[in-house]
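Protein chains: 4
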Amino acid sequence: MSTGFFGDIQKIKFEGPDSTNPLAFRHYNPDEMVMGKRMEDHLRFAVAYWHSFVWPGGDPFGGQTFERPWFKDTLDAARLKADVAFEFFQLLGAPYYCFHDADVRPEGRDFKENTANLNAIVDHFEKKQAETGVKLLWGTANLFSHRRYMSGAATNPDPDVFAFAAATVKTCIDATHRLNGENYVLWGGREGYETLLNTNLKQELDQLGRFLNLVVEYKHKIGFKGTILIEPKPQEPTKHQYDYDVATVYGFLKTYGLENEVKLNIEQGHAILAGHSFEHELALANALGVFGSIDMNRNDYQSGWDTDQFPNNVPEMALAYYQVLAGGGFTTGGTNFDSKLRRQSLDPEDLLIGHIGGMDCCARGLKAAARMIEDGALSNPLAERYAGWATDEGKKRLTALSLEDLTQLVESSGLNPQPRSGKQELLENIVNRYV
Amino acid sequence: MSTGFFGDIQKIKFEGPDSTNPLAFRHYNPDEMVMGKRMEDHLRFAVAYWHSFVWPGGDPFGGQTFERPWFKDTLDAARLKADVAFEFFQLLGAPYYCFHDADVRPEGRDFKENTANLNAIVDHFEKKQAETGVKLLWGTANLFSHRRYMSGAATNPDPDVFAFAAATVKTCIDATHRLNGENYVLWGGREGYETLLNTNLKQELDQLGRFLNLVVEYKHKIGFKGTILIEPKPQEPTKHQYDYDVATVYGFLKTYGLENEVKLNIEQGHAILAGHSFEHELALANALGVFGSIDMNRNDYQSGWDTDQFPNNVPEMALAYYQVLAGGGFTTGGTNFDSKLRRQSLDPEDLLIGHIGGMDCCARGLKAAARMIEDGALSNPLAERYAGWATDEGKKRLTALSLEDLTQLVESSGLNPQPRSGKQELLENIVNRYV
Amino acid sequence: MSTGFFGDIQKIKFEGPDSTNPLAFRHYNPDEMVMGKRMEDHLRFAVAYWHSFVWPGGDPFGGQTFERPWFKDTLDAARLKADVAFEFFQLLGAPYYCFHDADVRPEGRDFKENTANLNAIVDHFEKKQAETGVKLLWGTANLFSHRRYMSGAATNPDPDVFAFAAATVKTCIDATHRLNGENYVLWGGREGYETLLNTNLKQELDQLGRFLNLVVEYKHKIGFKGTILIEPKPQEPTKHQYDYDVATVYGFLKTYGLENEVKLNIEQGHAILAGHSFEHELALANALGVFGSIDMNRNDYQSGWDTDQFPNNVPEMALAYYQVLAGGGFTTGGTNFDSKLRRQSLDPEDLLIGHIGGMDCCARGLKAAARMIEDGALSNPLAERYAGWATDEGKKRLTALSLEDLTQLVESSGLNPQPRSGKQELLENIVNRYV
Amino acid sequence: MSTGFFGDIQKIKFEGPDSTNPLAFRHYNPDEMVMGKRMEDHLRFAVAYWHSFVWPGGDPFGGQTFERPWFKDTLDAARLKADVAFEFFQLLGAPYYCFHDADVRPEGRDFKENTANLNAIVDHFEKKQAETGVKLLWGTANLFSHRRYMSGAATNPDPDVFAFAAATVKTCIDATHRLNGENYVLWGGREGYETLLNTNLKQELDQLGRFLNLVVEYKHKIGFKGTILIEPKPQEPTKHQYDYDVATVYGFLKTYGLENEVKLNIEQGHAILAGHSFEHELALANALGVFGSIDMNRNDYQSGWDTDQFPNNVPEMALAYYQVLAGGGFTTGGTNFDSKLRRQSLDPEDLLIGHIGGMDCCARGLKAAARMIEDGALSNPLAERYAGWATDEGKKRLTALSLEDLTQLVESSGLNPQPRSGKQELLENIVNRYV
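Protein chains in written order, with the working numbering: chain A, 1 to 435; chain B, 1001 to 1435; chain C, 2001 to 2435; chain D, 3001 to 3435.
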């Protein structure tokens, strides 16, 4: 029994690169083998419930543009929304979805009603998952939209808000656990400040560290096997967010003893806002051993806010998936489309078209990345560039010689090193052979 | 025997706020007591050798505009430069100066010649310090200008460059120690990358961690009592620098076991480039216990590069010194003017005028900050805002209750917290009472 | 009959710089004479209806935080809102206000209902203006919030939207005329594009040019004596707005023959987003003869979106009012507070506190600017710097000599000009004597 | 007689997309026909003398990294540089080059010596052009590097600098004319300001307008048939440049009566710095009828300065060439590589590799753009979107109806327009079919 929302659109098929059908994949072919694994198993696509089924199309200067039959705050409407969402997952062939509590349930008057509403929808989701085979990549709690969280959730000056947020997270971990979610994500949209003038930085950081430890303890207690993920973002909605970027979050995890318990969900748009490329954040997470999952979208480099557009630049995506593959690929993580339609894209089919384009770009990026890895296109020149450090003498210099030893070495040998070309243009051209 | 460079300009005096003499202080009065300490002892001003005596006025689209008699690469010219510099420190009444090796000595053909040249100038500096009473706030090594460092110093792919850099740092620590420098600074201008394509991030971070450990070991070995300082900067000259910002450096120090050995020298301009306010970086360094010293300048918010202008916005400086004072003030650190004249400011007197304006602004900022602290203008509202956490119940929630306990508490009490005004505008108005 | 919204707060009084009363002016003293004119008549403060009485406190990650009794879409609620607004204008002593149609009336189902609703409120406003003496600085039409305008108003691909927008503007000019508004403003929030891929740039510019000409024709036809103002903004909500900045708007006005009919309403925050300082935009508008009015607020330099904060940096405001005064001051224009409370500032008194702080800062800026002008503090050095152009020889070079004449002059005289110091630091220090 | 600088590298050949030879074209095939024209005649590639043969590899934190045998300030070295440059043009198969006077001649002590030096090199260039068939796309004067121009050239406060600059431009137009240059370019690197405090905006704009008129008059007088081009840039080296962007320059040309005499040379990097996409600037220049030529490079979106990298993102280049072709393609203009090697790219072959990669990307972009145009891939949906304006009723609304007429129309018809999907994602997916 279809809801009819998508009319007579049928399941999206792979038709190959020459297809001009806007409702077909040209590059994403789930069963195609890439580096010995099915493309679907590499990419692990998830649809983000909030952007696709909840966001009304508003921006700071205008309200709702989308008109969806489920835009009402009732349980029935929430179930209709779920039905359309699962239809969408199936039409698209997306193996996973992700949600916040507030995306899926009507807003209650208090904690008790919120919990009851959430559980009613989780019942429905269980059924839909069983019917469709679609799985939950991750669940999360929305601790930023309601006015009670306007001054933060874990980092609120009011201990009551801390408690309310903690209880809410418990219900969301419980829901994720019940739905066999493969990860649980925390995004601290209001964990930061609008002005230092009213902020006790140290106090708030301690609250946040404690909160995260509570989550980790609870996960172990209930036997949730998924990964706990933090999602960095530097600002927006706040002036400054504590989970600024990968490096900041890593320092935070070290400080509160969590670096072995928590991994990172990294978003392209958030990387850009923090002044980094997406591949930088991914490479750094790999280097620090905290890579977990990705939120896939495209930020406009020239808009200073989080535009959450569908990704469409294949050369950039090839570099991102290169880092994902170079780190061994996803384990519990995946590619969550944290992308939303432009607010002028009103038609139901636009939802499919946006995701199809994004999935095709990801597929092209993945394949290019895989070929670069298989050819050693970048790794061979890299190994050669650092070859000096792989020699016994190189290792000795890195680990055994003191400042005085090294000075002695320079003086005695008259060592006067000459620079060698960094070959950036050559490497950029090499990448362009693959994309 | 004056060099005559500054003509007949006499020592700059404090003349009070009504003075219109461009060569007088209107606010900086070294002996004035602020919070029980002389203003000079609070601010601990230092002049940066490089900007004031070395920089020729070039930018990426044009060359030298300044014509200084010491712009030659000989030891004699270097001594003349030193003589002018010490005259300047005295005219200005700056108690401290700071330098890189490459600022003060002619460039040699190799390590040996560099060392000999440096030592010849250190001899001269020793004499000048004794004559004038001017002290060394910090010394440092320039590991970024010479082409041998084009791909990094500690993080170079070539172990020979690592060794050369290490030996050079040893000579600079030795020089700083000999001149009774109160700190030794490391700034990693090339410790980063231009492109990830030719960069082994993990290898380079390990090199940098090792290098810094070598410095700390050597400091202890020779009994240098000064503080080792790192100066964060996110980019420029490189695309990405490993010492991105305070949070990044803190994570790095934790990773390499250095968080108790190294502190931070924080620059306004670098904070801005990293997307932070200066006061944010200072407050965070205080919160993390790694505040050391400041490089004072003003970046143009609308230019995407490091403009290193003399500071001139008093309200911003009041907020910066508020953080400095709130953290207990400087110990070995100070206020180093990492500010340079605009390249059109050709006249010798411009050097004085730039510094005078900066020092007056610092003095105004310091006094405003001190009054805010004495009045509890910001700290009282802050304590009130977080009062809930100071109660026994608040402390219990932060440290003793589990996620389940907190959920139980919310459920049993029907807790439904209501937001309270953050009062940002009120606090901003309060600050404006002081500046 | 007070609405009671502001409790027992009384009319805000000037208490002088030493007052610590948060509900008093410390610098804004309406009757104080500045350069021979009352401060009130210089500054011509207006309150923006939308931010203060309509905005619910939402941002892209959260909804309403403010709870106002008039947040309902009925005529009665709209009248209550108006009553509170006029109480506020009186408490604050603001001589002017500004509004969009959509701020003040309930949203109708169609044009007819919109017009009827607007007229009902204009009736109410007429009465309130007569009762209170508060005047209308400008009116405007909101052509960006409703979904019908999602692809632009004047620049919409659909001629029906163009017509609907035109009719709406007519009703708003009529309302402004009836209320004796001193200006009528156009802000093209959706006159731009999200992507060039679906945009016919030339067609849309021609539509915009025509639209503006229609407005000018109508103004003359009905005898509206106010000034037609355009408000530049580079982006947000759109990716690119046609009214990018002062220079862009000027070129547009020239192209469509409007440069003598239309002036500019310049906002600090929009200037910043376009990569300019506020004073640059003001100075340029003066140079081009199109300065009209200002929207006063403060953008966060480090947030890439339009933060519309209350202004609080006096040195920056002094430079802005310097340009306003240097151009002769306002005629029909004024200082409209296009500033909104932070969404955490929930209390009714916060509305007053925000405006009080802003008005005090404007007053300080104005007074500093006036003193600089009276002293010739900046104009005298400027005249001296360009003195060569004021000589007969200078004038001849600018107007009479050809490229060959000038070459001949250089060759024959062996002219080899030497640069002179630009004295930027000196001038910055001079400004700091006044703020 | 080869200079030997490029060793045994032979003329770069087209080897097709499967080639892995770093010294071959994979996509640029000069004789391949695209939309009925040879690829070479579409793209009209030029090499920029300054970046490739003059720039020493310095940045604000370090000096020369490149070691070239011609880095001496003598006429012999200048001739060697020219010989290497023309060898390079031939190896690469670049049909054009571009230069500033200061790139090609030694710096003289005065105007006379500069002119003599320039003429000596122009003699040499004439011979080299004749020998090789390489042509001059455009010449220009460097009015920004020498200290005499530190406060501007045409906009200098000193009329002597104005005269010196004018005479210099005359010599450069003469040189360009003699060498059959197809355009003459003006880039106002110092025509702007560092601080408004020392700047008379109106005076400087008038100087700039006059200067440009002198150039146009002289061009006509000597019968130079090339196009006069202005190159917009918003800032760097100055805080603000008068030639900010296309829209600003257009307004300026209108103001000084030059809109039919001068066209624009548009650079990707400058567009980015001004907050625009490259395709925006190109589309706007087309819409305003002032498109001339392009400076091809790639700016790092995340570095706030002008990075001038070789272009390497094909999807972006396809959109740029789409605008070029949609406007009818180049007439006298071309694709000048205003791109420089990264300073670590030391090897002579890196110069070739950088250009080869850039040319291949341009070729891919051009071919994709041509196919989109031939298919009407974007133009057909665009025509459909604006179809309402092409009807008689649409035309009437745009040109004949007054504000009252339109209001009457809305009222009488009860017109209530409904929005239609903007289809941005669909269009982005369509573009991705071509790149």
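Where is the CB? At the ideal position from N, CA and C, for every residue including glycine.
ask   = Between the region 1285 to 1307 of chain B and chain D, which residues of the former have a C-beta closer than 8 Å to a C-beta of the latter?
value = Those residues of the region 1285 to 1307 of chain B that come within reach of chain D (Cβ to Cβ, closer than 8 Å) are Asp1300, Gln1302, Ser1303, Gly1304, Trp1305, Asp1306.
request  = Anything in chain B within Cβ reach of Thr2020 (chain C), meaning under 9 Å, just list it in chain order.
outcome  = Correct list: Ile1430, Arg1433.
ask   = Can you tell me whether DSSP reads Tyr2096 (chain C) as helix, strand or coil?
value = Three-state DSSP puts Tyr2096 (chain C) in a strand.
Ranges of the beta strand (DSSP E) found wholly within the region 3236 to 3274 of chain D, counting only runs of at least 3 = For the region 3236 to 3274 of chain D, the full-length beta strand (DSSP E) segments reaching 3 residues or more read 3262 to 3267 along the chain.
task = Could you name the residues of chain D that Ser1339 (chain B) contacts, counting a contact when the two beta carbons are closer than 9 Å?
result = Near Ser1339 (chain B) there are no residues of chain D at all, since even the closest Cβ is about 15 Å away, more than 9 Å.
message = Restricting to runs no shorter than 4 residues, where is the alpha helix (DSSP H) found entirely within the region 1165 to 1215 of chain B?
response = Taken in chain order, no unbroken stretch of alpha helix (DSSP H) lies wholly in the region 1165 to 1215 of chain B with a span of 4 residues or more.
key: Asn2312 (chain C): contacting residues in chain B (beta-carbon distance under 9 Å)   = Contact note: Asn2312 (chain C) reaches chain B through Pro1315, Glu1425, Glu1428, Asn1429, Val1431, Asn1432, using a C-beta cutoff of 9 Å and chain order.
Partners in chain D for Ala1237 (chain B), counting only beta-carbon separations shorter than 8 Å = Inspection of the sequence shows that residue 1237 (chain B) is occupied by Pro rather than by Ala. Asp3059, Pro3060, Phe3061, Gly3062, listed in chain order.
ask   = Does any C-beta atom of chain B lie closer than 8 Å to the C-beta of Val215 (chain A)?
value = Answer yes: the Cβ-Cβ gap between Val215 (chain A) and chain B drops below 8 Å somewhere.
request  = Taking all protein chains shown into account, decide if Glu2384 (chain C) is buried (16 or more other Cβ within 10 angstroms of its Cβ) or exposed.
outcome  = With fewer than 16 other CB atoms across the displayed protein chains lying within 10 angstroms of its CB, Glu2384 (chain C) is exposed.
ask   = Looking at the structure shown, is Ser1379 (chain B) part of a helix, part of a strand, or coil, going by DSSP?
value = Three-state DSSP puts Ser1379 (chain B) in a helix.
key: For Asn2286 (chain C) and Gln2323 (chain C), believed in contact at Cβ under 8 Å, the rounded distance   = Rounded to the nearest angstrom, the Cβ distance from Gln2323 (chain C) to Asn2286 (chain C) is 6 Å, consistent with a contact under 8 Å.
key: Cβ-based contacts, 8 Å cut-off: residues of the region 1379 to 1400 of chain B near chain C   = Those would be none; no residue qualifies.
task = Would you give the residue range spanned by the beta strand (DSSP E) that Phe1111 (chain B) belongs to?
result = Per DSSP, Phe1111 (chain B) belongs to no beta strand (DSSP E); it is in the alpha helix (DSSP H), 1111 to 1132.
message = What residue range does the alpha helix (DSSP H) around Met296 (chain A) cover?
response = Segment 291 to 296 is the beta strand (DSSP E) holding Met296 (chain A); no alpha helix (DSSP H) there.
query = Can you list, in chain order, the stretches of the alpha helix (DSSP H) that have 4 or more residues and sit fully within the region 1018 to 1089 of chain B?
reply = If only uninterrupted alpha helix (DSSP H) runs of at least 4 residues are considered, those enclosed by the region 1018 to 1089 of chain B are 1039 to 1043.
request  = Report yes if the CB atom of Ile294 (chain A) is closer than 8 Å to the CB atom of Thr335 (chain A), and no otherwise.
outcome  = Closer than 8 Å, so yes.
query = So, using beta-carbon positions, are Glu1404 (chain B) and Lys170 (chain A) closer together than 8 Å?
reply = Closer than 8 Å, so yes.
request  = Keeping to the same chain, check which residues put their C-beta closer than 6 Å to that of Phe1211 (chain B); ignore five residues upstream and five downstream.
outcome  = Taken in chain order, the residues that qualify are Ala1154.
ask   = So which residues of chain D does Phe1144 (chain B) contact, with C-beta pairs closer than 7 Å?
value = Contact annotation for Phe1144 (chain B) against chain D: Phe3061, Gly3062 [CB-CB distance below 7 Å, chain order].
ask   = At which residues does the beta strand (DSSP E) containing Thr2399 (chain C) begin and terminate?
value = Segment 2392 to 2399 is the alpha helix (DSSP H) holding Thr2399 (chain C); no beta strand (DSSP E) there.
inquiry  = Below 9 Å on C-beta distance, what does Arg2105 (chain C) contact in chain D?
reply    = Neighbours of Arg2105 (chain C) on chain D: none; closest Cβ ~17 Å, over 9 Å.
key: Residue-level contact to chain C via CB, Gly357 (chain A), 8 Å cutoff   = Output row for Gly357 (chain A): interface = no.
ask   = Looking at the unbroken beta strand (DSSP E) that takes in Thr1140 (chain B), where does it start and where does it end?
value = Looking at the DSSP string, the run of the beta strand (DSSP E) that includes Thr1140 (chain B) is 1135 to 1140.
key: Contact under 8 Å by Cβ, Tyr3097 (chain D) with Ala3085 (chain D)   = Against a cut-off of 8 Å, the Cβ pair of Ala3085 (chain D) and Tyr3097 (chain D) comes out as a contact.
message = For the region 2180 to 2211 of chain C, list every residue whose C-beta sits within 7 Å of some C-beta in chain A, in sequence order.
response = Of all residues in the region 2180 to 2211 of chain C, those with a C-beta nearer than 7 Å to a C-beta of chain A are Gly2189, Glu2194, reading in chain order.
request  = Note down, in chain order, all residues in the region 122 to 151 of chain A with a beta-carbon under 9 Å from any beta-carbon belonging to chain B.
outcome  = Residues passing the 9 Å Cβ filter: Arg147, Arg148, Tyr149, Met150, Ser151.
key: Proximity of Asn2297 (chain C) and Ser2339 (chain C) at Cβ, strictly below 8 Å   = One thing to note: Asn2297 (chain C) has its Cβ within 8 Å of the Cβ of Ser2339 (chain C).
message = Less than 8 Å between CB atoms is the rule here; does Gly3365 (chain D) satisfy it with respect to chain C?
response = It does not: the Cβ of Gly3365 (chain D) has no partner Cβ on chain C nearer than 8 Å.
request  = Consult DSSP for Ile1012 (chain B) and reduce its assignment to one of helix, strand or coil.
outcome  = Look at Ile1012 (chain B) here: in three-state DSSP terms it is coil, with no helix or strand label.
inquiry  = Can you check whether the C-beta of Gln2010 (chain C) is within less than 8 Å of a C-beta belonging to chain G?
reply    = The structure shown contains no chain G; its protein chains are A, B, C and D.
request  = Would you mind reading off the limits of the alpha helix (DSSP H) that contains Leu3426 (chain D)?
outcome  = Its alpha helix (DSSP H) spans residues 3424 to 3434.
key: Neighbour list for Gly275 (chain A) in chain D, Cβ cutoff strictly below 8 Å   = Contacts between Gly275 (chain A) and chain D, judged by CB atoms closer than 8 Å, involve Gln3302 in chain order.
message = So if DSSP puts Thr3335 (chain D) in a beta bridge, which residue, or which two residues, is it bridged to?
response = BP columns for Thr3335 (chain D) point to D:Phe3045, D:Ile3294.
key: Pick from A:Tyr184, A:Ala141, A:Arg178 that is closest to Phe164 (chain A), judged by C-alpha positions   = Comparing alpha carbon positions, the residue from A:Tyr184, A:Ala141, A:Arg178 closest to Phe164 (chain A) is A:Ala141.
request  = Helix, strand or coil for Gly1226 (chain B), going by three-state DSSP, please let me know.
outcome  = Gly1226 (chain B) falls in the coil class under three-state DSSP.
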